[in-house]
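Participant: This is the structure I have questions about; it appears just below.
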Amino acid sequence: MPAPRKYPDEIRDRSVRLVRDRLADVPGMTVTRACRDVGEQLGIKGDTLRNWVTAARVDDGELPGTTSVDAARIAELEKENRDLRRANLILRQASAYFCPGGARPPLSDVDAFVDAHRDEHGVEPICSTLAEAGYQIAPSSYYARKSRKPCARAVSDAVWDARITTIHATNRGLYGVRKVWKALARAYPDEHIARCTVERRMRALGLAGVSNKRTPTTTRRPSKTVAFPADRLERDFTAPAPDRRWVADITYVATWSGFVYVAFVTDLYSRRIVGWRVANHLRTDLALDALEQAIWSRRQDGEATLDALVHHSDHGVQYCAIAYTERLEQAGIEASVGSVGDSFDNAAAEAVNRLYKKELIWREGPWSGVEAVEAATLSWVHWYNHERLHSHCDHTPPAEYEATYYAALNRAPAPAGTA
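In full-length UniProt numbering, the protein residues as written are 1 to 419.
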């Protein structure tokens, strides 16, 4: 609701009319002098009255400028724009805060979200925005929950949570529900707690006992609140032309001086290796250098552009790093990422790694270090691109397969009537 005006519209209109009458009665009088004289009689500052007169002359078309109607409309649109921006920001923050699925989140999560952002947006705007998005949250309910005293169950749960957490941590995090329940009975014989209560609180606290099932550490599952690029290939490892689809992956080589890591970028049309890099680390620079070589080599060829290119990889931290994704965006390349822990989503890149290991690493090893692997990889990649017959390319080398494509693309059509 806008703030009330200090001067009613009737006073503003009468004051402007009196100034205009004074100017008409006294030829040669300036507007500033007339506003000062009338303002002294009405108890209004001369500058304020002069602003009213100027606005009235603009509304009447006597002076150029923004009319009152237009100014009010602009102010209304600006307010609407601010409200929309605030609503979009609230929804973005809520989508990253609440779990996906469309169901109404628990009230505890809603209250925590409002607590975290009330100073930025206010309680009522947050509740109204969430209500428009399908989460019916009333500000009165939020204030009632915040002012309401905790119930007896909540107080009891808080006490038992501290005890359960202590017993679970003391026993190296190995105890499950049954043993924690038994340990609580031994530690607090005068206070009874049901087994189902222990199970409920351990689930709420995220505590669990050790399992008989082995859980080897492979690829970490991504957080549900973190957005990753979608899988644009869906295991379709074909391409209609060069520089339409690239796949990238990293493999390792055991050497006498430690592990060496090799990154490849492969064009799916010809299976040509367009970029590669060998290093003794797994930092983002490893994958980024291979990408830079791929972009540079393709632009050096000058045959195609990268505007319609899709870059596909797995969920490796190198390919999901900010520096890598920003470089893809800067080059106009669309990112694509497969699912976590599923090598079939990046099978074409895995096939290149397999050929590399089978044809070079396993046959010519053992390797002394990164320099030996890099020199051998340079020779193998050149042979692979320019000499090795590839079944995907109709048993021609990848470079020759691409040259044939561009030759057919650039060949002028034959004149009519010629054989």
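Virtual Cβ for every residue (Gly too), placed ideally from N, Cα, C.
Here the structure is a predicted model, which is why all the values come from computation and not from measurement.
Check whether the region 274 to 284 and the region 188 to 196 are in contact - that is, three or more C-beta pairs closer than 8 Å.
Facilitator: Not touching, per the Cβ criterion.
Participant: For the region 343 to 396, list the alpha helix (DSSP H) runs that are entirely contained and at least 4 residues long, ordered along the chain.
Facilitator: Counting only runs of 4 or more, we get 347 to 356 and 370 to 386.
Participant: Here's the rule: buried if 16 or more other CB atoms are within 10 angstroms of the residue's CB, otherwise exposed. What is threonine 170?
Facilitator: On the sequence shown, residue 170 is found 170 positions in, with the first residue counted as 1. The residue is exposed, with fewer than 16 neighbouring Cβ atoms inside 10 Å.
Participant: Can the beta-carbon of alanine 290 be found less than 8 Å from the beta-carbon of valine 260?
Facilitator: What you label residue 290 is simply residue 290 of the sequence shown in a count that begins at 1. What you label residue 260 is simply residue 260 of the sequence shown in a count that begins at 1. Not closer than 8 Å, so no.
Participant: Among the candidates Arg186, Trp181 and Val177, whose CA atom is the shortest distance from the CA of glycine 206?
Facilitator: Numbered from 1 along the sequence shown, position 206 holds the residue referred to as residue 206. It is Val177.
Participant: How many whole angstroms separate the CB atoms of leucine 328 and arginine 244, which I take to be in contact at a CB cut-off of 8 Å?
Facilitator: Position 328 of the sequence shown, counted from the start, is the residue given in the question as residue 328. Position 244 of the sequence shown, counted from the start, is the residue given in the question as residue 244. Leucine 328 to arginine 244, Cβ: 15 Å. No contact.
Participant: Exposed or buried, aspartate 314, counting other C-beta atoms within 10 Å across all chains shown (16 or more means buried)?
Facilitator: As a first step, residue 314 is located in the sequence shown; it is residue number 314 there, counting from the start. Buried, because 16 or more other Cβ atoms sit within 10 Å of the Cβ of aspartate 314.
Participant: Contact between the region 362 to 375 and the region 237 to 252: three or more CB pairs below 8 Å?
Facilitator: With the cut-off at 8 Å, the region 362 to 375 and the region 237 to 252 do not touch.
Participant: Tell me whether the beta-carbon of glutamate 374 lies closer than 8 Å to the beta-carbon of valine 278.
Facilitator: For the purposes of this step, residue 374 is taken as residue 374 along the sequence shown, with counting starting at 1. For the purposes of this step, residue 278 is taken as residue 278 along the sequence shown, with counting starting at 1. Cβ distance < 8 Å, so glutamate 374 and valine 278 count as in contact.
Participant: How many whole angstroms separate the CB atoms of tyrosine 324 and alanine 287, which I take to be in contact at a CB cut-off of 8 Å?
Facilitator: The residue you call residue 324 lines up with position 324 of the sequence shown. The residue you call residue 287 lines up with position 287 of the sequence shown. The Cβ separation is near 6 Å, so the contact holds.
Participant: Just verifying my parser: in three-state terms, what is the DSSP assignment at glutamate 234?
Facilitator: Here residue 234 is taken as the residue at index 234 of the sequence shown, counted from 1. Reduced to three states, the DSSP call for glutamate 234 is coil.
Participant: If you check the beta carbons only, do phenylalanine 237 and alanine 348 fall under 8 Å apart?
Facilitator: Locating residue 237 in the sequence shown gives position 237, where the first residue counts as 1. Locating residue 348 in the sequence shown gives position 348, where the first residue counts as 1. For phenylalanine 237 and alanine 348, yes; Cβs fall inside 8 Å.
Participant: Taking 6 Å as the limit between beta carbons, can you name the residues of its chain near arginine 14, skipping five residues before and five after?
Facilitator: Looking up residue 14 in the sequence shown gives position 14. No residues qualify anywhere along the chain.
Participant: Is the Cβ-Cβ distance between arginine 232 and histidine 312 less than 8 Å?
Facilitator: Position 232 of the sequence shown, counted from the first residue, corresponds to residue 232. Position 312 of the sequence shown, counted from the first residue, corresponds to residue 312. Yes, the Cβ-Cβ distance between arginine 232 and histidine 312 is below 8 Å.
Participant: Which residue spans inside the region 2 to 72 form an unbroken alpha helix (DSSP H) run of at least 4?
Facilitator: Entirely contained in the region 2 to 72, the alpha helix (DSSP H) runs reaching 4 residues are, in chain order, 9 to 25, 31 to 42 and 46 to 59.
Participant: Please work out which residues of its chain come closer than 6 Å, Cβ to Cβ, to arginine 299, disregarding the five sequence neighbours upstream and downstream, and give them in chain order.
Facilitator: Taking the first residue of the sequence shown as position 1, residue 299 is located at position 299. Taken in chain order, the list of residues that qualify is empty.
Participant: Can you look up serine 270 in the DSSP assignment and give me helix, strand or coil?
Facilitator: The residue given as residue 270 occupies position 270 in the sequence shown. It is coil, neither helix nor strand.
Participant: Considering only the beta carbon of each residue, do glycine 43 and cysteine 35 sit closer than 8 Å?
Facilitator: If you number the sequence shown from 1, residue 43 lands on position 43. If you number the sequence shown from 1, residue 35 lands on position 35. No.
Participant: If I follow the unbroken beta strand (DSSP E) through glutamate 334, where does it start and stop?
Facilitator: Looking up residue 334 in the sequence shown gives position 334. Taken as a continuous stretch (DSSP letters only), the beta strand (DSSP E) holding glutamate 334 covers 334 to 337.
Participant: Taking the alpha-carbon positions, what's the arginine 17 to alanine 72 distance?
Facilitator: Counting from one through the sequence shown, the residue named residue 17 turns up at place 17. Counting from one through the sequence shown, the residue named residue 72 turns up at place 72. Cα to Cα, arginine 17 sits roughly 22 Å from alanine 72.
Participant: Please report the straight-line C-alpha distance between proline 150 and asparagine 346, rounded to a whole angstrom.
Facilitator: Reading the sequence shown from its first residue, position 150 is the one you call residue 150. Reading the sequence shown from its first residue, position 346 is the one you call residue 346. Straight-line Cα distance between these residues: approximately 52 Å.
Participant: Whole angstroms is fine: what's the gap from tyrosine 142's alpha carbon to serine 95's?
Facilitator: Taking the first residue of the sequence shown as position 1, residue 142 is located at position 142. Taking the first residue of the sequence shown as position 1, residue 95 is located at position 95. Roughly 19 Å between the two C-alpha positions.
Participant: How is the beta strand (DSSP E) around tryptophan 181 delimited, first residue to last?
Facilitator: Taking the sequence shown and counting its residues from 1, the one referred to as residue 181 is at position 181. Element bounds for tryptophan 181: not the beta strand (DSSP E) but the alpha helix (DSSP H), 177 to 187.
Participant: Beta-carbon within less than 7 Å of arginine 57's beta-carbon, same chain only, minus the 5 sequence neighbours each way: which residues are those?
Facilitator: Translated into positions along the sequence shown, residue 57 becomes position 57. These residues qualify, in order along the chain: Leu63.
Participant: In terms of residues, what are the limits of the beta strand (DSSP E) holding serine 313?
Facilitator: Taking the first residue of the sequence shown as 1, we reach residue 313 at position 313. 310 to 313 is the span of the beta strand (DSSP E), which, as asked, contains serine 313.
Participant: Restricting to Cα atoms, I'd like to know which of Gly332, Glu191 and Ala351 is closest to residue 428.
Facilitator: As displayed, the chain neither begins before 1 nor continues past 419, which places residue 428 out of reach and without an answer.
Participant: Throw me the rounded Cβ distance for the alanine 403 and histidine 386 pair, which I believe falls under 8 Å.
Facilitator: Here residue 403 corresponds to residue number 403 of the sequence shown, with the count starting at 1. Here residue 386 corresponds to residue number 386 of the sequence shown, with the count starting at 1. Between histidine 386 and alanine 403 the Cβ distance is about 10 Å, and since that is not below 8 Å, they are no contact.
Participant: Starting from tyrosine 252, trace the beta strand (DSSP E) both ways and give me its first and last residue.
Facilitator: Within the sequence shown, the letter at position 252 stands for residue 252. Start and end: 245 to 255.
Participant: For a minimum of 4 consecutive residues, which ranges assigned as the alpha helix (DSSP H) are wholly contained in the region 80 to 156?
Facilitator: Runs found: 107 to 121, 123 to 132 and 139 to 147.
Participant: Identify whether alanine 263 lies in helix, strand or coil by the three-state DSSP scheme.
Facilitator: Your numbering for residue 263 matches position 263 in the sequence shown. It is a strand residue.
Participant: Among Trp181, Pro240 and His382, whose alpha-carbon lies nearest the alpha-carbon of glycine 209?
Facilitator: Taking the sequence shown and counting its residues from 1, the one referred to as residue 209 is at position 209. When only C-alpha atoms are compared, the closest one is Trp181.
Participant: According to DSSP, is alanine 158 helix, strand or coil?
Facilitator: Walking along the sequence shown from the start, residue 158 turns up at place 158. Helix, per DSSP.
Participant: I believe tryptophan 256 touches serine 368 by the beta-carbon criterion, under 8 Å. Please report the beta-carbon distance rounded to the nearest angstrom.
Facilitator: Counting from one through the sequence shown, the residue named residue 256 turns up at place 256. Counting from one through the sequence shown, the residue named residue 368 turns up at place 368. That belief holds up - the Cβ atoms of tryptophan 256 and serine 368 are roughly 5 Å apart, short of 8 Å.
Participant: So what does DSSP say about arginine 298, is it helix, strand or coil?
Facilitator: Here residue 298 refers to the residue found at position 298 when the sequence shown is read from its first residue. Here arginine 298 sits in helix by DSSP.
Participant: Which of the three DSSP states is assigned to arginine 283 in this structure?
Facilitator: One-based indexing of the sequence shown puts residue 283 at position 283. Arginine 283 falls in the coil class under three-state DSSP.
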